[in-house]
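Numbering that gives the first Met the number 0 puts the first residue of the sequence shown at 0, with every later residue one more than the last. Read the structure below first, then the notes.
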Amino acid sequence: MNIMLAEASRALAVAPPLAVLLELTHRCPLACPYCSNPLELASQREEMDTGGWLNVIDQAATMGVLQLHFSGGEPALRKDLVELLQRARERGLYSNLITSGIGIDEAKLDRMIEAGLDHVQLSLQDATRESADHIAGYKGSFDKKLRFAGWVRERELPLTLNAVVHRHNAGNVPRMIELALALGASRLEVAHTQYYGWGLVNRAALMPSREQLDAATAVVEEARVRLRGTLVIDYVTPDYYARRPKACMGGWAQKFLNISPRGDVLPCHAAETIPGMYFDNIRERPLLDIWQHGDAFERYRGTAWMPEPCQSCPKKEVDWGGCRCQALALSGAADTLDPVCEKSPDHARIRAAAELESANAAPPPFVYRRPPRSTNSVIGSGIASLSKSV
Ligand code: FES
């Protein structure tokens with residue numbers, strides 16, 4: 000086989016991602032303590048310019064991507080959002096806005112819809128005003144979100160609510176479901192907090208008890224049956240009480256990729272925490288080439304990298320080894336077992352940590368996701384003590 004043919008057959012072996020998440024900015028009016036952005040946030044000055052993002056959209060369309068998620072931070076803080084949505088529409092891509100709803104007035108929403116916006120995903124911190132504002136670290140956020148949701152539905156745009164659940168709001172899952180119905184949402188995602196990045200820093204403040212988890216699960220299961228055909232409820236259970244790991248990102252480098260505000264192309268939102276991994280930048284290498292052959296993407300794609308007992312596990316092509324970032328955060332190495340798996344030597348320790356932290360009647364205050372340098376030392380010492388205690 001000549002070199003060109005070998006290259007072509009190698010390229011064909013990797014199907015394009017279904018969706019690309021564009022993290023347009025890390026700027027955000029909210030300060031949620033479980034934010035999925037990295038601990039070191041990109042400044043506005045570091046963000047890729049409009050031309051760079053248009054180029055990403057063009058490349059994504061050419062390589063066969065179906066959906067673009069416009070995310071952040073708060074993507075509406077980008078002045079070029081309408082232009083980017085328009086390019087997505089021109090290139091035949093389905094566009095989803097993942098937003099706090101803050102800072103978008105009716106006129107801006109109309110411009111976005113006219114440009115081609117297909118779907119809105121709105122974050123929901125809780126079902127009551129006081130608690131939602133407290134969790135978001137933003138007074139008035141709840142009312143603004145409700146108003147925004149109303150505008151979305153008045154325009155008959157499909158709406159999904161994203162609720163991150165933890166010890167402070169798990170008891171309100173029934174009210175979240177009621178709120179989703181009242182707002183006319185077609186989908187509600189009830190996702191227990193993922194404990195990496197900011198979530199890991201705030202783990203002791205957020206960890207629910209086993210009883211809270213079981214109650215929330217029962218509520219969701221009942222509502223799923225009762226509301227079939229009216230409201231779809233997605234449910235993400237907390238890793239710390241699970242016995243099997245989840246297929247994080249649908250499997251590393253299998254279905255999705257993220258692009259950071261600086262233009263770095265990432266297999267997942269927390270991949271930058273993995274030391275020694277090289278991330279290509281979209282301004283320096285074509286997206287298709289990065290997806291197929293980039294170091295970060297090839298590192299954990301498929302099953303060849305897996306240690307035992309993953310290698311012999313019949314579920315290895317179901318969970319794809321779980322979450323690499325969680326393995327790193329809790330077991331100290333990205334290429335070892337995700338400790339959520341009961342076969343991991345660290346599994347009992349994370350279960351014990353969950354039980355210990357959730358039993359604390361006086362959980363620590365939130366470390367809010369805010370960029371000032373003064374919080375970095377707090378975050379650093381928090382992470383260091385966690386990795387010793389897990
Ligand atoms: Fe990185 Fe799960 S968040 S693999």
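Where is the CB? At the ideal position from N, CA and C, for every residue including glycine.
A direct Cα-to-Cα measurement between residue 233 and residue 285 gives close to 34 Å. Judged by their CB atoms, residue 324 and residue 258 are not nearer to each other than the 8 Å cut-off. About 5 Å separates the CB atoms of residue 16 and residue 255; that is less than 8 Å, so the two are in contact. The stretch 100 to 168 contains, as complete beta strand (DSSP E) runs of 3+ residues, the segments 118 to 123, 158 to 164 (chain order).
The three-state secondary structure of residue 36, taken from DSSP, is coil. Taking a 10 Å sphere around the C-beta of residue 201, we find 16 or more other C-beta atoms and assign the residue as buried. Residue 22 sits in a strand when the DSSP states are folded into three classes. With contacts defined as CB atoms closer than 8 Å, residue 82 and residue 99 fail to qualify as a contacting pair. Judged by DSSP in its simplified three-state form, residue 66 adopts strand. Per DSSP, the beta-bridge partners of residue 95 are 68, 118. Between ligand 1 and the CB of residue 248, the shortest heavy atom gap is smaller than 7 Å.
Distances from the alpha-carbon of residue 333 to those of 108, 305, 213, 181 put 305 closest. Within 7 Å of the C-beta of residue 137 there is not a single heavy atom belonging to ligand 1.
Counting along the chain, the unbroken beta strand (DSSP E) around residue 186 starts and ends at 186 to 191.
Look at residue 269: its beta carbon is less than 7 Å from one of the heavy atoms in ligand 1. One thing to note: residue 90 has its Cβ within 8 Å of the Cβ of residue 56.
Between residue 37 and residue 367, the C-beta gap is not smaller than 8 Å, which leaves the two residues out of contact. The distance from the Cβ of residue 327 to that of residue 349 is about 13 Å, inconsistent with a contact at the 8 Å cut-off. A direct Cα-to-Cα measurement between residue 80 and residue 62 gives close to 22 Å. Approximately 7 Å separates the beta-carbon atoms of residue 116 and residue 156; this is inside 8 Å, confirming the contact. Here residue 355 is exposed: its Cβ has fewer than 16 other Cβ atoms, across all protein chains shown, within 10 Å. The beta carbons of residue 339 and residue 238 sit closer together than 8 Å. The C-beta distance from residue 245 to residue 321 rounds to 6 Å, short enough to meet the 8 Å contact threshold.
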